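Q:
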Amino acid sequence: MIIGIIYFVVISLACVLGAIVGLGGGVFIRPIFDAIGYHNVLNINFFSSTAILTMAIVSTIKKMKDGLALKPSTAILISSGAVIGGILGDTLLRFLVRSMDAEHNVQLAQIIVTIVVLAISIFATTKSNLRYEIKQKAILPIIGVGLGGIATFLGIGGGPINVPILMIFFGLPIKTATAYSIVIIFFSHAARIITMGVTQGYGYFDLRLLPFIIIAAMIGGLVGANLSRVFSEGVVKKLFIAALLAVIVLNSYNGVMILLR
Numbered sequence: 223m224i225i226g227i228i229y230f231v232v233i234s235l236a237c238v239l240g241a242i243v244g245l246g247g248g249v250f251i252r253p254i255f256d257a258i259g260y261h262n263v264l265n266i267n268f269f270s271s272t273a274i275l276t277m278a279i280v281s282t283i284k285k286m287k288d289g290l291a292l293k294p295s296t297a298i299l300i301s302s303g304a305v306i307g308g309i310l311g312d313t314l315l316r317f318l319v320r321s322m323d324a325e326h327n328v329q330l331a332q333i334i335v336t337i338v339v340l341a342i343s344i345f346a347t348t349k350s351n352l353r354y355e356i357k358q359k360a361i362l363p364i365i366g367v368g369l370g371g372i373a374t375f376l377g378i379g380g381g382p383i384n385v386p387i388l389m390i391f392f393g394l395p396i397k398t399a400t401a402y403s404i405v406i407i408f409f410s411h412a413a414r415i416i417t418m419g420v421t422q423g424y425g426y427f428d429l430r431l432l433p434f435i436i437i438a439a440m441i442g443g444l445v446g447a448n449l450s451r452v453f454s455e456g457v458v459k460k461l462f463i464a465a466l467l468a469v470i471v472l473n474s475y476n477g478v479m480i481l482l483r
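In terms of our numbering, the sequence shown has 396 at position 174, counting the first letter as 1, and numbering is strictly consecutive.
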């Protein structure tokens with residue numbers, strides 16, 4: 223199956239970079255699959271979430287084995303909110319698909335919001351003076367709801383907003399922020415995939431491609447986690463910003479193509 227091989231290559235490369243910089247991979251997968259145009263919005267978001275979830279599991283296990291220490295309380299509180307946010311984000315996406323006249327209008331809305339979010343993320347990441355440290359743990363689930371909701375609605379994994387938010391409000395270095403980001407991504411997309419099965423039914427999706435998607439995400443997550451250990455904080459930050467700029471260009475192209483139809 224040619225489309226399976228194409229998806230395999232895209233997901234492998236996206237998850238390598240996603241695991242390194244905490245993006246999850248979906249920030250590349252969704253716009254590239256949009257550009258390919260073989261599947262509809264809901265299928266693309268299902269494939270993206272499945273790949274992101276698989277990558278997050280593999281990458282987190284690898285990083286924990288390598289000795290990366292995370293605060294369980296912080297991870298759990300933010301992730302609990304991300305679960306709720308994941309459900310809300312998926313609900314909003316399905317509502318828009320049902321209510322809008324044409325599916326490409328949903329894609330265009332996703333593209334516009336994605337570009338705005340990425341631009342803000344680049345600004346926040348480069349401004350080193352924007353650093354605080356939240357002490358009130360009750361705020362953590364609220365932050366998680368916002369992160370999980372935006373990430374799942376856009377189908378981008380969450381890293382573009384997770385990483386700068388974690389750096390700004392928790393004073394974390396970027397490599398530690400990427401590790402927390404991957405954990406948040408895992409919970410938000412696990413909730414999303416379950417929600418998809420309950421509301422839409424898994425039979426709606428093109429399940430023939432799951433072997434390609436899961437194996438590619440496993441390979442990408444493992445390779446990316448290994449490279450993340452090698453790269454310095456400075457290299458990871460540069461890769462993060464470069465990745466976001468590339469995705470802004472890709473989304474802009476997709477948006478222009480939709481408007482020219």
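The beta carbon of each residue, even a glycine, is placed where N, CA and C say it ideally should be. Keep in mind that this is a model prediction, so the values were computed, not measured.
(1) Taking the beta carbon of GLY308 as the centre, do at least 16 other beta carbons fall within 10 Å, making it buried, or is it exposed?
(2) For the stretch 243-272, which segments carrying the alpha helix (DSSP H) assignment without a break, of at least 4 residues, lie completely within its bounds, in sequence order?
(3) Mind the definition here: the stretch 326-336 touches the stretch 432-449 only if three or more C-beta pairs lie below 8 Å; say whether that holds.
(4) If distances are taken between C-alpha atoms only, which option among LEU310, ILE361, ILE372 comes closest to VAL339?
(5) Looking at the structure shown, is ILE225 part of a helix, part of a strand, or coil, going by DSSP?
(6) Excluding the five sequence neighbours on either side, which residues of its own chain have a C-beta within less than 8 Å of the C-beta of ALA341, listed in chain order?
(7) Report the option in VAL231, MET223, ILE242, VAL335 whose CA atom is closest to the CA atom of GLY443.
(8) Assign PRO382 to one of two classes, buried (16 or more other C-beta atoms within 10 Å of its C-beta) or exposed (fewer than that).
(9) How would you write the range of the alpha helix (DSSP H) that SER454 sits in, first residue to last?
(10) Cα separation between ASP312 and HIS411?
(11) One question on the structure: do PHE462 and ILE396 come within less than 8 Å of each other, judged by their Cβ atoms?
(12) What does the Cβ neighbour count give for PRO253, buried or exposed, with the cut at 16 atoms within 10 Å?
(13) Given that a residue counts as buried once 16 or more other Cβ atoms are within 10 Å of its Cβ, and exposed if not, what is ALA360?
(14) Take ALA304 as the anchor and find which of LEU481, ILE266, VAL457, TYR402 has the nearest alpha-carbon.
(15) Could you give the distance in angstroms between the alpha-carbon of THR398 and the alpha-carbon of GLY240?
(16) Out of curiosity, what's the CA-to-CA distance linking ALA236 and ILE251?
(17) Can you tell me where the alpha helix (DSSP H) with ALA304 in it begins and where it stops?
A: Short version:
(1) By 1-based counting over the sequence shown, the position of residue 308 is 86. Classification of GLY308: buried, given that the 10 Å Cβ count is 16 or more.
(2) 248-258
(3) no
(4) To locate residue 339, count along the sequence shown from 1; it is residue 117. Nearest C-alpha to VAL339: ILE372.
(5) Position 3 of the sequence shown, counting from 1, holds the residue named residue 225. Of the three classes helix, strand and coil, the one that applies to ILE225 here is helix, per DSSP.
(6) As a working note, residue 341 is residue 119 in the sequence shown. Cβ within range, chain order: ILE470.
(7) In the sequence shown, the residue the question calls residue 443 occupies position 221. Taking only the C-alpha atoms, the option nearest GLY443 is ILE242.
(8) The residue you call residue 382 lines up with position 160 of the sequence shown. PRO382 should be labelled buried.
(9) Sequence index remark: in the sequence shown, residue 454 carries index 232 (1-based). Looking at the DSSP string, SER454 is not in any alpha helix (DSSP H), and its letter there is neither H nor E.
(10) Your numbering for residue 312 matches position 90 in the sequence shown. Your numbering for residue 411 matches position 189 in the sequence shown. Using only the alpha carbons, I get a separation of about 10 Å.
(11) The count along the sequence shown starts at 1 and reaches residue 462 at position 240. The count along the sequence shown starts at 1 and reaches residue 396 at position 174. Cβ atoms of PHE462 and ILE396: closer than 8 Å.
(12) In the sequence shown, counting from the first residue as 1, residue 253 sits at position 31. Classification for PRO253: buried.
(13) Numbered from 1 along the sequence shown, position 138 holds the residue referred to as residue 360. So ALA360 counts as exposed.
(14) Counting from 1 along the sequence shown, the entry for residue 304 is found at position 82. Checked all of LEU481, ILE266, VAL457, TYR402; the closest Cα to ALA304 is TYR402.
(15) In the sequence shown, residue 398 corresponds to position 176, counting from 1. In the sequence shown, residue 240 corresponds to position 18, counting from 1. Rounded to the nearest angstrom, the two C-alpha atoms are 14 Å apart.
(16) Taking the sequence shown and counting its residues from 1, the one referred to as residue 236 is at position 14. Taking the sequence shown and counting its residues from 1, the one referred to as residue 251 is at position 29. Whole-angstrom Cα-Cα distance: 7 Å.
(17) The sequence position of residue 304 within the sequence shown is 82, counting from 1. It spans 294-321 - the alpha helix (DSSP H) in which ALA304 sits, taken as one unbroken run.
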